[in-house]
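J.: The numbering used here applies: residue 86 is where the sequence shown begins, and numbers increase by one. The C-beta atom is built at its ideal place from N, Cα and C for all residues, glycine as well.
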Amino acid sequence: MTLQMAQLPLTKLYRPNLALCGPSLTRRYTSLLSSKLNRTSIFRTSSYTHARPLHSAPAWASAAAVLKRKYENAPLPPTSESPNTQEVQPVPLEHLPISRIDERKVVIGFDTEDWARFHHVWLRDHCRCPQCFHPVTKQRLFNTFDIPPDIKPTKVESKSTGLEVLWPSSHPHTSFYPWSWLKQHSYDPPLPQYQLPAPEKILWGSRIEQFPPTVAYEDVMGGDDRGLYKWLSNVEKFGFSFVTGVPPTPEATEELSTRIGFIRETHYGKFWDFTSDLAKGDTAYTTLALGAHTDNTYFTDPCGLQLFHLLSHTDGTGGQTLLIDGFYVASLLKELHPSAYDILSRVPVPAHAAGDPGCVYTTKQYPVLSHTGRDGKLTQVRWNNDDRSTMSHLSASEVEEWYDAIRVWNKHLTSPDSEYWVQLSPGTAVVVDNHRVLHGRSAFDGKRRMCGAYIGIDEYRSKLAVLKERFEAQANGDVVSTDAGGRSVWSPYL
Ligand SMILES: [Fe+2]
Ligand SMILES: [Zn+2]
Numbered sequence: 086m087t088l089q090m091a092q093l094p095l096t097k098l099y100r101p102n103l104a105l106c107g108p109s110l111t112r113r114y115t116s117l118l119s120s121k122l123n124r125t126s127i128f129r130t131s132s133y134t135h136a137r138p139l140h141s142a143p144a145w146a147s148a149a150a151v152l153k154r155k156y157e158n159a160p161l162p163p164t165s166e167s168p169n170t171q172e173v174q175p176v177p178l179e180h181l182p183i184s185r186i187d188e189r190k191v192v193i194g195f196d197t198e199d200w201a202r203f204h205h206v207w208l209r210d211h212c213r214c215p216q217c218f219h220p221v222t223k224q225r226l227f228n229t230f231d232i233p234p235d236i237k238p239t240k241v242e243s244k245s246t247g248l249e250v251l252w253p254s255s256h257p258h259t260s261f262y263p264w265s266w267l268k269q270h271s272y273d274p275p276l277p278q279y280q281l282p283a284p285e286k287i288l289w290g291s292r293i294e295q296f297p298p299t300v301a302y303e304d305v306m307g308g309d310d311r312g313l314y315k316w317l318s319n320v321e322k323f324g325f326s327f328v329t330g331v332p333p334t335p336e337a338t339e340e341l342s343t344r345i346g347f348i349r350e351t352h353y354g355k356f357w358d359f360t361s362d363l364a365k366g367d368t369a370y371t372t373l374a375l376g377a378h379t380d381n382t383y384f385t386d387p388c389g390l391q392l393f394h395l396l397s398h399t400d401g402t403g404g405q406t407l408l409i410d411g412f413y414v415a416s417l418l419k420e421l422h423p424s425a426y427d428i429l430s431r432v433p434v435p436a437h438a439a440g441d442p443g444c445v446y447t448t449k450q451y452p453v454l455s456h457t458g459r460d461g462k463l464t465q466v467r468w469n470n471d472d473r474s475t476m477s478h479l480s481a482s483e484v485e486e487w488y489d490a491i492r493v494w495n496k497h498l499t500s501p502d503s504e505y506w507v508q509l510s511p512g513t514a515v516v517v518d519n520h521r522v523l524h525g526r527s528a529f530d531g532k533r534r535m536c537g538a539y540i541g542i543d544e545y546r547s548k549l550a551v552l553k554e555r556f557e558a559q560a561n562g563d564v565v566s567t568d569a570g571g572r573s574v575w576s577p578y579l
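1. Out of LEU392, VAL493, ARG344 and SER527, state which residue places its alpha-carbon closest to the alpha-carbon of LYS548.
2. Near GLN508, what residues of its chain come up, given a Cβ to Cβ distance below 6 Å and the 5 sequence neighbours on each side ignored?
3. For the region 480 to 491 against the region 389 to 400, are there 3 or more C-beta pairs whose distance is under 8 Å?
4. Can you round the beta-carbon distance between THR338 and CYS212 to whole angstroms, since I take them to be within the 8 Å contact cut?
5. Taking the alpha-carbon positions, what's the PHE356 to ILE287 distance?
6. Shorter than 8 Å, the distance from the beta carbon of GLN216 to the closest heavy atom of ligand 2, or not?
7. Could you please give me the residues that DSSP links to GLU242 through a beta bridge?
8. Per DSSP, which one or two residues make a beta bridge with TYR505?
9. Measure the alpha-carbon distance for ASP304 versus THR329 and round it to whole angstroms.
10. In whole angstroms, what separates the C-alpha of VAL176 from that of ASP196?
11. By DSSP, does SER576 sit in helix, in strand, or in coil?
12. Quick check: what's the CA-CA separation for THR115 versus ASP518?
13. Bridge partners for THR447 per DSSP, in chain order?
14. Assign LEU313 to one of two classes, buried (16 or more other C-beta atoms within 10 Å of its C-beta) or exposed (fewer than that).
15. Who's in the neighbourhood of ligand 1, going by beta-carbon under 6 Å from any heavy atom, listed in chain order?
16. CB of ARG213 to nearest heavy atom of ligand 2: below 8 Å?
17. Can you tell me whether HIS258 sits near ligand 2, meaning its C-beta is under 8 Å from at least one heavy atom of the ligand?
18. Can you tell me the Cβ-Cβ gap for VAL522 and GLY411, rounded? I've got them flagged as a contact below 8 Å.
19. Write down every uninterrupted run of the beta strand (DSSP E) in the region 520 to 561 whose length is 3 residues or greater and which is fully enclosed by it, in chain order.
20. Under 8 Å, with one C-beta from each stretch per pair, do the region 316 to 323 and the region 277 to 293 reach the 3-pair mark?
21. At what residue ranges does the region 354 to 409 contain a whole run of the beta strand (DSSP E), taking only runs of 3 or more?
22. Which whole-angstrom value is the C-beta distance of ARG349 and ILE540, which I expect to be below 8 Å?
23. When the distance is taken between beta carbons, is HIS456 closer than 9 Å to TYR383?
24. Using the three-state DSSP reduction, which class does LYS496 fall into: helix, strand or coil?
25. Alpha carbon to alpha carbon, how far is ASP210 from ASP460?
26. Considering just the uninterrupted stretch of the beta strand (DSSP E) at GLN465, what are its terminal residues?
27. With TRP252 and PRO263 assumed to form a contact (beta carbons below 8 Å), what rounded beta-carbon distance in angstroms separates them?
28. Given a threshold of 16 other Cβ atoms within 10 Å of its Cβ, counted over all protein chains shown, does ASP273 qualify as buried or as exposed?
29. With a threshold of 6 Å on Cβ separation, who are the neighbours of VAL445 within its own chain once the five nearest residues in sequence on each side are excluded?
30. DSSP puts SER260 in a beta bridge; with which residues?
31. Measuring only the C-alpha atoms, how far is VAL516 from ASP231?
32. What do you reckon, are the CB atoms on HIS352 and ASP471 nearer than 9 Å?
33. Need the endpoints of the alpha helix (DSSP H) that HIS205 sits in, please.
34. If you check the beta carbons only, do THR334 and LYS532 fall under 9 Å apart?
35. Beta carbon of PHE327: closer than 8 Å to some heavy atom of ligand 2?
36. Give a yes or no on whether the C-beta atoms belonging to ASP543 and GLY290 are separated by under 9 Å.
Listed below in structure tokens is the structure:
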């Protein structure tokens, strides 16, 4: 059954429900301050390199042919003329959304409160039929630039599983979009109550010592990946997590690291196994205390996760580990010293790693607090006062202001309210989100053997996203994945 709504005046029907709020605002355990933090980006790739034009173009045609050969045995979903309704939750007929074609947009009334419009060109560009979007590689096959700017559907029809759109062409083309996917990706206006909830972030201070996020090694290494999911979810929420019961060997620790993803090789090596012998030109390789810092401030892309594990400490004491939630301290700064927050968000801090004759890494363009996205929320803390380079780029009027700002930042960072000190022992590894949580240590004597690794932020996000797909199928019928053919073309990540 199709309900046409051409006669209904949109201005009367469109009543955005301002009383509804996003799920992130209703979460019980998220602190007030954490609501200011953004949702974590997901690992995504975009590629237009395999686009297939509607007219002949030898290079693209050959790319499409290669893909076809490579995946010719892969199961293809039904064509857009008969959408795969097994993947999509049907809507009862009495709740069927209504749809109509406007001059530049398709207007959809999901219910009396929720209306959204989608530009014709946007809909055509997002066709996910097997001719337009490869069902295995999840890459666009269709050439966006073949879409006439004034394209307009000849017909739209509300089906129980989604919207069907017929496009004019010498070869008429039918597109299909599940209702849940349209709601999730609505932009005119956004319908936040249908969009994926922002990841829960729990900001913490020193009292985290009462309930430090911890998982057991045997759970993390378990074949069903649930322990791994718990571990990475801890990292997403708290910015760090312990793993207990790890065999105190480099081999077991390396295996633990690779549960998350590829180890990132740097000038410190790939998997580290080191002691205080200054084997590398960095204070980490001494017995000196290390103030709270993030690693790799001198890289364009500082490592995402850092895993470390104390394998042994003999003939001495000290060497407590320090962890500080940089997002928590930043939120304090924003509330109490907004001008300092602004300066730390604005002024780039040059940094270097130059202790080894064979390398010199430098960056000059990144501030202490980085914000990305349209919402401008905090996404990364970079802070290592020891690695800071010459500050010759400030104007004369900015110098004292900047030193005042880092002084107040350092005051909150080193406050007993912020610092979480823990004495690690062999068998307990910790993984830290180096974009959020700062780490340090007290001085020690005797001989300590540490091992560990860096893991890229994209590897971590990808693994977490895959585990979310598996363990958190959307309760509202959204398409997340299909087991048989891999990820659905309607996955919210695409
Ligand atoms: Fe470090
Ligand atoms: Zn198509």
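T.: The relevant details are as follows:
1. ARG344
2. GLN405
3. no
4. Contact doesn't hold; Cβ gap of about 47 Å is too wide.
5. 30 Å
6. yes
7. GLU249
8. LEU408
9. 10 Å
10. 12 Å
11. coil
12. With a pLDDT of only 31 at THR115, under 50, the local geometry of the prediction cannot be trusted, and no value is derived from it.
13. HIS437
14. buried
15. ALA369, HIS378, ASP380 and HIS524
16. yes
17. yes
18. 6 Å
19. 522 to 526 and 532 to 540
20. yes
21. 357 to 359, 375 to 378 and 390 to 399
22. 6 Å
23. no
24. helix
25. 25 Å
26. 462 to 466
27. About 18 Å separates the two Cβ atoms, so there is no contact after all.
28. exposed
29. ALA439
30. VAL250
31. 48 Å
32. no
33. 205 to 210
34. no
35. no
36. no
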